[in-house]
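Peer 1: I have a structure I would like to understand better, so I am pasting it below and will then ask my questions one at a time.
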Amino acid sequence: MTSPRATQILSDVIDGAPDGAELPQRLVVACALGVPVTWAGLALVTEHGPGAMLAATDGPAAVLDELQFTLGEGPCIDSYATGRPVLHPDLKRSGPGRWPGFAMGALQAGVQAAFAFPLRVGAIKFGTLDLYRDEVGALSDDSLREALFFADAATQLLLHLHAEHPPDALDPGWLSKGANRSEVHQATGMISVQAGVGLREALLLLRARAFAAERSVAAVARDVVERVLRFDSDIGHAPGSPQGGAAW
Amino acid sequence: MAEEHRLAQVFVELADTLVAEFDVMEFLQVLVERCVELLHVDAAGLLLADHRGTLQAMTSSIESVRSLELFELQHDEGPCLDCFATGQPITNVDLSQSAERWPVFAPAALESGFRMCHAIPMRLRQQVIGALNLFHTRVEPFSEDDIAIGQAMADIATIGLLNERAVRERDVLATQLEGALDSRVIIEQAKGVIAERAGISVLEAFTLMRMHARSSNRPLSGVALAVVNGTLEASSIRRT
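Dropping the structure here:
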């Protein structure tokens with residue numbers, strides 16, 4: 012989740028991006044080049060499951076993801092449901108039996124291999140990174156690893172974009188620093204109970220607090236786990252909080 | 013003493029074959045041959061379930077055992093099938109006394125020259141993936157030690173198969189590993205939820221969650237997911 016490689020990918024996507032550039036779009040383009048695959052897309056989860064395209068390279072990726080939302084079947088849907096990568100290096104062989112509608116559409120569009128990677132932090136699901144190739148064949152070890160790093164980077168990027176008041180400047184180092192420490196996940200669970208919100212909101216609260224205090228997410232998480240800091244929904248009930256007063 | 017020494021040698025030999033270049037069929041073949049030697053049986057064979065859960069005769073020390081196993085499969089009866097179905101070992105089967113239990117298999121086994129047999133399950137957690145069959149031409153019951161060695165050999169066979177599967181199907185390994193990594197995060201999140209609801213430390217929350225998983229016979233990751241999804245109340249974990 013916080014590997015140097017994922018951080019590097021984020022930096023490359025962010026650095027030198029012109030003002031107002033679509034970061035998700037830059038990420039899928041970089042991903043298609045880096046893994047490499049022919050086409051790449053980034054699908055977002057709605058409350059009903061996967062259901063919105065955020066970005067896609069030119070070519071059939073966008074249409075294929077939309078096709079999956081419409082049919083309710085395909086690698087992206089399975090990856091979302093299972094929380095695991097779904098790897099189909101030979102779509103003609105393995106696709107039709109599993110997803111008759113999607114496989115037909117994908118093969119007609121020239122897709123020969125499809126790979127979907129879940130974007131999630133434990134039980135918090137953000138979407139999927141969907142990769143397609145116009146030739147049959149498994150991802151090499153290096154390509155698989157690279158795809159997983161891109162998925163990690165995409166998860167961090169989506170977390171950032173979900174924030175209610177995203178910081179103007181995006182610092183990849185801060186974004187990924189200690190983001191996968193146990194305390195962060197434990198604190199997320201605790202905050203969800205304290206503030207009466209879902210895990211996703213809890214994680215966003217934790218990150219916003221850390222950013223505002225110019226501290227790392229891991230450090231703030233440790234305060235939560237050690238019960239030095241609370242995120243109560245009742246403003247003014249934050250006993251022992253070093254910042255004092257309201258938790259958010 | 014000499015026997016124990018040989019047992020250790022065989023375990024080392026089998027462990028060695030699991031490293032690097034290894035062929036699963038070769039491995040299983042060595043394994044059944046060592047079973048014959050270590051357990052003083054006259055023949056051994058191995059049945060495995062395929063991806064559809066259908067049993068397949070994989071390997072045997074002599075051809076007559078393979079024929080018998082195929083016979084068992086064809087006629088859908090025999091100690092090995094019962095062992096596979098129940099996941100329990102079936103030991104010290106006196107074939108001359110078994111015509112009632114296995115009316116087709118028992119006479120066929122006697123006809124092949126065997127008098128006693130045993131079937132040991134190959135288990136992978138909850139799942140039974142196959143069975144190890146051992147045959148004597150005389151009535152020579154197994155001791156408790158023999159049964160333990162037989163089970164150890166069956167367990168080694170299971171480990172070897174997993175290894176093969178992982179090597180051949182890197183993608184399977186990759187997805188399983190990703191799933192395992194994700195489960196870890198969910199468990200951490202669930203620890204936080206329970207700790208906050210119960211007013212305890214995350215360490216205590218973990219202990220409670222594990223106790224609950226064990227007493228309710230559910231996987232820890234499943235319990236954790238139920239906690240974070242709210243389908244399992246933290247209070248019901250506290251009670252256990």
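Heads up: the sequence lines are chains B and G, in that order.
When you read off a place in the first sequence, starting at 1, and then add 11, the result is the number in my numbering.
When you read off a place in the second sequence, starting at 1, and then add 12, the result is the number in my numbering.
C-beta: ideal position from N, C-alpha, C; glycine also.
What you are looking at is a predicted structure, and each value in this text was computed from that prediction instead of being measured.
Note down, in chain order, all residues in the segment 205-218 of chain G with a beta-carbon under 9 Å from any beta-carbon belonging to chain B.
Peer 2: Taking 9 Å as the Cβ-Cβ cut-off against chain B, the residues of the segment 205-218 of chain G that qualify are V205, I206, A207, E208, R209, S213, V214, A217.
Peer 1: By Cβ distance, which residues of its chain are closer than 7 Å to T139(B), with the 5 residues on each side in sequence left out?
Peer 2: By 1-based counting over the first sequence, the position of residue 139(B) is 128. So the qualifying residues of the chain are A54, P61, C87, S90, Y91, A127, F128, P129, L130.
Peer 1: Which residues in chain G sit within 9 Å of R131(B), going by Cβ to Cβ distance?
Peer 2: Reading the first sequence from its first residue, position 120 is the one you call residue 131(B). Here the neighbours are D194, V197.
Peer 1: Any C-beta of chain G within less than 8 Å: which residues of the segment 60-92 of chain B qualify?
Peer 2: Those would be none; no residue qualifies.
Peer 1: Quick check: is the beta carbon of E200(G) nearer than 7 Å to any beta carbon in chain B?
Peer 2: The count along the second sequence starts at 1 and reaches residue 200(G) at position 188. Closer than 7 Å: yes.
Peer 1: Is it true that the CB of H148(G) sits closer than 7 Å to the CB of M128(G)?
Peer 2: Here residue 128(G) is taken as the residue at index 116 of the second sequence, counted from 1. Here residue 148(G) is taken as the residue at index 136 of the second sequence, counted from 1. Yes.
Peer 1: According to DSSP, simplified to helix, strand and coil, what is W50(B)?
Peer 2: The residue given as residue 50(B) occupies position 39 in the first sequence. In the structure shown, W50(B) sits in a strand (DSSP, three-state: E or B).
Peer 1: Considering only DSSP beta bridges, list what K136(B) is partnered with.
Peer 2: Position 125 of the first sequence, counted from the start, is the residue given in the question as residue 136(B). Partner(s): R131(B).
Peer 1: Who are F147(G)'s beta bridge partners in DSSP?
Peer 2: On the second sequence, residue 147(G) is found 135 positions in, with the first residue counted as 1. Answer is A55(G), C129(G), bridged to F147(G).
Peer 1: Tell me which same chain residues have a C-beta within less than 6 Å of the C-beta of D152(B), skipping the five on either side of it?
Peer 2: One-based indexing of the first sequence puts residue 152(B) at position 141. Once the five neighbours on either side are set aside, D152(B) has no close Cβ partner at all.
Peer 1: Say whether chain G places a C-beta atom closer than 7 Å to the C-beta of T57(B).
Peer 2: Translated into positions along the first sequence, residue 57(B) becomes position 46. Not one chain G Cβ lies under 7 Å of T57(B).
Peer 1: Taking buried to mean at least 16 other C-beta atoms within 10 Å of its own C-beta, is T170(G) buried or exposed?
Peer 2: One-based indexing of the second sequence puts residue 170(G) at position 158. Buried, since its Cβ has 16 or more Cβ neighbours within 10 Å.
Peer 1: Along the beta strand (DSSP E) that carries A69(G), what are the first and last residues, could you check?
Peer 2: Position 57 of the second sequence holds residue 69(G). Counting along the chain, the beta strand (DSSP E) containing A69(G) begins and ends at 67-72.
Peer 1: Report back the beta-carbon spacing between S72(G) and E81(G) to the nearest angstrom; my notes put them in contact at under 8 Å.
Peer 2: To locate residue 72(G), count along the second sequence from 1; it is residue 60. To locate residue 81(G), count along the second sequence from 1; it is residue 69. That belief holds up - the Cβ atoms of S72(G) and E81(G) are roughly 7 Å apart, short of 8 Å.
Peer 1: Write down the C-beta distance between A117(B) and L102(B) rounded to the nearest angstrom, noting that I regard them as a contact closer than 8 Å.
Peer 2: Counting from 1 along the first sequence, the entry for residue 117(B) is found at position 106. Counting from 1 along the first sequence, the entry for residue 102(B) is found at position 91. At roughly 6 Å, the Cβ-Cβ gap stays under 8 Å, so A117(B) and L102(B) are in contact.
Peer 1: Can you give, in chain order, each stretch of the alpha helix (DSSP H) that sits fully within the segment 160-236 of chain G and has at least 4 residues?
Peer 2: Taking only runs of at least 4 residues, the alpha helix (DSSP H) segments lying wholly in the segment 160-236 of chain G are 182-210, 214-227.
Peer 1: Could you check how far apart the C-beta atoms of G133(B) and V197(G) are, in whole angstroms? I think they sit under 8 Å.
Peer 2: Residue numbering aside, residue 133(B) sits at position 122 when the first sequence is read from its first letter. Residue numbering aside, residue 197(G) sits at position 185 when the second sequence is read from its first letter. Indeed they touch by this definition, with Cβ atoms about 3 Å apart.
Peer 1: Measuring CB atoms only, is the segment 119-139 of chain G touching the segment 90-97 of chain G, in the sense that at least three cross pairs come out at less than 8 Å?
Peer 2: Verdict: yes, contact present.
Peer 1: What first and last residue would you give for the beta strand (DSSP E) that runs through V228(B)?
Peer 2: As a working note, residue 228(B) is residue 217 in the first sequence. From DSSP, V228(B) is part of no beta strand (DSSP E) but of the alpha helix (DSSP H) over 228-236.
Peer 1: When you compare only the Cα positions, how much space is there between L34(B) and P111(B)?
Peer 2: On the first sequence, residue 34(B) is found 23 positions in, with the first residue counted as 1. On the first sequence, residue 111(B) is found 100 positions in, with the first residue counted as 1. The alpha-carbon atoms of L34(B) and P111(B) are separated by roughly 33 Å.
Peer 1: So G94(B) and E208(G) are supposed to be a Cβ contact under 8 Å. How far apart are they, rounded?
Peer 2: Your numbering for residue 94(B) matches position 83 in the first sequence. Your numbering for residue 208(G) matches position 196 in the second sequence. Rounded, the Cβ-Cβ distance is 24 Å, inconsistent with contact.
Peer 1: The alpha helix (DSSP H) spanning D76(B) covers which residue range?
Peer 2: The residue you call residue 76(B) lines up with position 65 of the first sequence. That run of the alpha helix (DSSP H) goes 72-82.
Peer 1: So with Cβ pairs under 7 Å, would you call D183(G) a contact of chain B?
Peer 2: On the second sequence, residue 183(G) is found 171 positions in, with the first residue counted as 1. Answer yes: the Cβ-Cβ gap between D183(G) and chain B drops below 7 Å somewhere.
Peer 1: Pop quiz: V235(B) and A206(B) are said to be a contact at Cβ under 8 Å. What is the actual Cβ separation, rounded to whole angstroms?
Peer 2: Here residue 235(B) is taken as the residue at index 224 of the first sequence, counted from 1. Here residue 206(B) is taken as the residue at index 195 of the first sequence, counted from 1. Contact flag wrong, Cβ pair sits at about 11 Å.
Peer 1: Can you look up P61(B) in the DSSP assignment and give me helix, strand or coil?
Peer 2: Position 50 of the first sequence, counted from the start, is the residue given in the question as residue 61(B). Looking at P61(B) - three-state DSSP - the assignment turns out to be strand.
Peer 1: Select from R233(B), F161(B), A221(B) the residue whose C-alpha is nearest the C-alpha of S14(B).
Peer 2: Indexing the first sequence from 1 puts residue 14(B) at position 3. It is F161(B).
Peer 1: Exposed or buried, what is A232(B) when buried is set at 16 or more other beta-carbons lying within 10 Å of its beta-carbon?
Peer 2: As a position in the first sequence, residue 232(B) is number 221, starting the count at 1. By the neighbour-count rule (16 or more Cβ atoms within 10 Å), A232(B) is buried.
Peer 1: Exposed or buried, P101(G), counting other C-beta atoms within 10 Å across all chains shown (16 or more means buried)?
Peer 2: Looking up residue 101(G) in the second sequence gives position 89. Flag for P101(G) reads buried.
Peer 1: Under 8 Å between beta-carbons, which chain B residues line up against N241(G)? List them in chain order, please.
Peer 2: Taking the second sequence and counting its residues from 1, one reaches residue 241(G) at position 229. Correct list: A134.
Peer 1: Which residues of chain G have a Cβ atom closer than 8 Å to the Cβ of L297(B), listed in chain order?
Peer 2: A query on residue 297(B) cannot be resolved here, the shown segment of chain B reaching from 12 to 259 and no further.
Peer 1: Determine the extent of the alpha helix (DSSP H) in which T98(G) is found, giving its start and end residues.
Peer 2: Residue 98(G) sits at position 86 when you count from the first residue of the second sequence. Run containing T98(G): 91-98, per the alpha helix (DSSP H) assignment.
Peer 1: Which whole-angstrom value is the C-beta distance of M223(G) and A202(G), which I expect to be below 8 Å?
Peer 2: Stepping through the second sequence from its first residue, residue 223(G) is reached at position 211. Stepping through the second sequence from its first residue, residue 202(G) is reached at position 190. That belief does not hold up - the Cβ atoms of M223(G) and A202(G) are roughly 14 Å apart, past 8 Å.
Peer 1: So, is the C-beta of R180(G) closer than 7 Å to a C-beta in chain B?
Peer 2: Taking the first residue of the second sequence as position 1, residue 180(G) is located at position 168. In this predicted model, R180(G) has a pLDDT of only 45, less than 50, meaning its place in the structure is not dependable; the value taken from the coordinates is given anyway. No, R180(G) does not count as interfacial toward chain B.
Peer 1: Just tell me which of A28(B), A158(B), R238(B), L172(B) has its CA closest to the CA of R16(B).
Peer 2: Taking the first sequence and counting its residues from 1, one reaches residue 16(B) at position 5. Closest option to R16(B), Cα to Cα, is A158(B).
Peer 1: For the beta strand (DSSP E) that contains D106(G), what are its first and last residues?
Peer 2: To locate residue 106(G), count along the second sequence from 1; it is residue 94. That run of the beta strand (DSSP E) goes 102-106.
Peer 1: Per DSSP, what kind of secondary structure is S14(B) in: helix, strand or coil?
Peer 2: Translated into the one-based positions of the first sequence, residue 14(B) becomes position 3. Three-state result, S14(B): coil.
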